[in-house]
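full-length UniProt numbering numbers the first residue of the sequence shown as 1 and each following residue consecutively. A virtual CB, placed ideally from N, CA and C, is assigned to each residue, including glycine.
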Amino acid sequence: MKKITINDLMKWKQEGRKFASLTSYDASFAQLFEQQEVPVLLVGDSLGMVLQGQTDTLPVTIDEMAYHTRCVRAGSPNALLLADLPFMTYGTPEQACDNAAKLMRAGANMVKLEGGSWLAETVRTLTERAIPVCAHLGLTPQSVNIFGGYKVQGRDKERADQMLADAITLQNAGAQIVVLECVPASLAKRITEALEIPVIGIGAGNVTDGQILVMHDMFGISANYMPRFSKNYLAQTGDIRKAVAQYLKEVEAGTFPGPEHTFE
Ligand code: KIV
Ligand code: NA
């Protein structure tokens, strides 16, 4: 796979070419994903749940994120590599810079942070200092204690309009990708059409420019848990490489996510 940059994603958006991405936490899977030509990888703070067995992402530290980012970069030199800034590591622009620098030094190409317009100054500060930013809106898991659980976001008109306004504000502040998690497909469509930058969805319907899944969910690793919006590709194919290839194929064709994986 040739080196993937934000310019490729911008071009794919303009061409209407859909792309898939996966979370990744270690070098071996990252290498397998690169061999299957997964263009975008995310070191998600979901590692608190799928690697550490915590009940939410809040305990994850910046040093843990940097460690896993280094592992993934070693396995995949060419994917566009995003890494999450974990809970309370970007409360101020200065704190965000210090922590984002650790992820960039570990090999990330872009950092992701959760929240709306209040982050505009932070996004501007980071991008002016050469740190690309992905903004994560909708069900932002670090806010689980504010939401009172993992619930679909933006169902009423007021919240939906606010999310669209937040996305535009963050794009104007310099964000280069938006991730939308667990939002109605109609809202995801409005936001995807309104933005010039690529939108990557998870539980946001097949209308976004890209899709992402937590790798453990797409392999069906957790025996008693599968989010409604995810799909077990290993059950379907019986082979890890074929599972990844099938996921990429269905995303590119627009057949995943289907209506059964989508909120309205
Ligand atoms: O941490 C994570 O895995 C994420 C994705 C679900 C977008 O943020
Ligand atoms: Na995350």
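When DSSP states are grouped into helix, strand and coil, G174 belongs to the coil group.
Excluding residues up to 5 positions away in sequence, I6, P132, I197 lie with their Cβ nearer than 6 angstroms to the Cβ of Q176 in the same chain.
Annotation: T89 to L126 spans about 13 angstroms, alpha carbon to alpha carbon. Shown in chain order are the residues whose CB sits closer than 5 angstroms to a heavy atom of ligand 2: G44, D45, D84. Around the beta-carbon of R155, fewer than 16 other beta-carbon atoms lie within 10 Å, marking it exposed. Cβ contact annotation for L164 (same chain, cutoff 8 angstroms, sequence separation greater than five): L187, R190, I191, A194, in chain order. Rounded to the nearest whole angstrom, the C-alpha separation of A243 and P59 is 31 angstroms. Contact between V207 and G44 is ruled out by a C-beta separation of about 22 angstroms, above the 8 angstroms threshold. Within its own chain, the residues whose Cβ lies closer than 6 angstroms to the Cβ of Q54, once the five positions on either side in sequence are excluded, are G48, listed in chain order. For Q211, the uninterrupted beta strand (DSSP E) run begins and ends at 210 to 213, by DSSP. For the pair L32 and I212, the CB atoms are not nearer than the 8 angstroms cut-off.
DSSP, reduced to helix, strand and coil, places M110 within a strand of the structure shown. The straight-line gap separating the alpha-carbon atoms of G205 and V183 is approximately 8 angstroms. L82 sits away from L9, with the two beta carbons spaced by 8 angstroms or more.
With a 10 Å radius around the Cβ and a threshold of 16 neighbouring Cβ atoms, P77 comes out exposed. Remark: the C-beta of V152 is outside contact range of ligand 1, defined as less than 7 angstroms to any heavy atom. The straight-line gap separating the alpha-carbon atoms of V144 and Y247 is approximately 28 angstroms. Our two residues, G107 and Q236, have alpha carbons roughly 33 angstroms apart in a direct line.
Taking the Cα positions, L234 is about 17 angstroms away from Q35.
Membership of C134 in the beta strand (DSSP E) is indicated by the continuous run 133 to 138. The continuous alpha helix (DSSP H) containing D8 extends over residues 6 to 15.
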